[in-house]
């Protein structure tokens, strides 16, 4: 029996649910969101996505899933370059992938992607259950560094001075004389 045609919006919502699932494509196919849009199992996936000469439909979708998370991690590397340097790329990628599981992208803009990263680092610090006097200092450094870099992002993407009166050079000099 032939499947009924589906509208583009339904297919797009299904595809988004499948490829944005951190646990992978098979888990994405089984997710409530994907099933709500198109009720199809991993075994039936080729009713929706065709295979190629060399890849199965699931493998083709996995390419998009990997690319999605790689792009998000690329954005986080750009927002937290000093933290990336301090941790090295491998450890940074581990932190950011786990972060994206807990705080997935929910905004139309990637400017908000790292908003909760310092909080995530604080929530998952290895000695978080220890009394403050027994904690190591290196997690504090990592959390503070992420917080500082996030502050730079917030200022950079914050409102500008357009339409507002700004201080001129003499007014700025007068501040120093107070």
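Numbering (my numbering), first residue to last: 3 to 180.
Note that CB positions come from ideal geometry on N, CA and C, so glycine has one too.
Three-state class that DSSP yields for residue i in the structure shown
{"i": "residue 128", "result": "coil"}
{"i": "residue 35", "result": "helix"}
{"i": "residue 40", "result": "coil"}
{"i": "residue 165", "result": "coil"}
{"i": "residue 136", "result": "helix"}
{"i": "residue 25", "result": "coil"}
{"i": "residue 3", "result": "Confidence at residue 3 is low in this model, with a pLDDT of 45, below 50, so its placement is unreliable and the value that follows should be read with caution. In this structure, residue 3 counts as coil in the three-state DSSP scheme."}
Limits of the unbroken alpha helix (DSSP H) element including residue i
{"i": "residue 178", "result": "171 to 178"}
{"i": "residue 141", "result": "140 to 159"}
{"i": "residue 15", "result": "10 to 21"}
Buried versus exposed, by CB contacts within 10 Å (16 or more), residue i
{"i": "residue 174", "result": "exposed"}
{"i": "residue 172", "result": "exposed"}
{"i": "residue 3", "result": "Because the pLDDT of residue 3 is 45, which lies under 50, any placement of that residue in the model is unreliable, and the number read from its coordinates should be weighed accordingly. Residue 3 should be labelled exposed."}
{"i": "residue 65", "result": "exposed"}
{"i": "residue 57", "result": "exposed"}
{"i": "residue 110", "result": "exposed"}
{"i": "residue 163", "result": "exposed"}
{"i": "residue 2", "result": "The structure shown does not extend to residue 2, since the chain is modelled only from 3 through 180, so no value can be given for it."}
{"i": "residue 16", "result": "buried"}
{"i": "residue 42", "result": "buried"}
{"i": "residue 30", "result": "buried"}
Short Cβ contact (8 Å threshold) for residue i with residue j
{"i": "residue 116", "j": "residue 152", "result": "yes"}
{"i": "residue 24", "j": "residue 102", "result": "yes"}
{"i": "residue 82", "j": "residue 143", "result": "no"}
{"i": "residue 13", "j": "residue 67", "result": "no"}
{"i": "residue 99", "j": "residue 114", "result": "no"}
{"i": "residue 35", "j": "residue 19", "result": "yes"}
{"i": "residue 145", "j": "residue 123", "result": "yes"}
{"i": "residue 48", "j": "residue 59", "result": "yes"}
{"i": "residue 250", "j": "residue 147", "result": "With the chain covering 3 to 180 only, the question about residue 250 has no answer from this structure."}
{"i": "residue 138", "j": "residue 131", "result": "no"}
Which runs of the alpha helix (DSSP H) at least 4 residues long sit entirely within the region 46 to 118? Give them in chain order. Runs of the alpha helix (DSSP H) spanning 4 or more residues and lying entirely within the region 46 to 118 occur at 59 to 81, 83 to 89, 91 to 104, in chain order.
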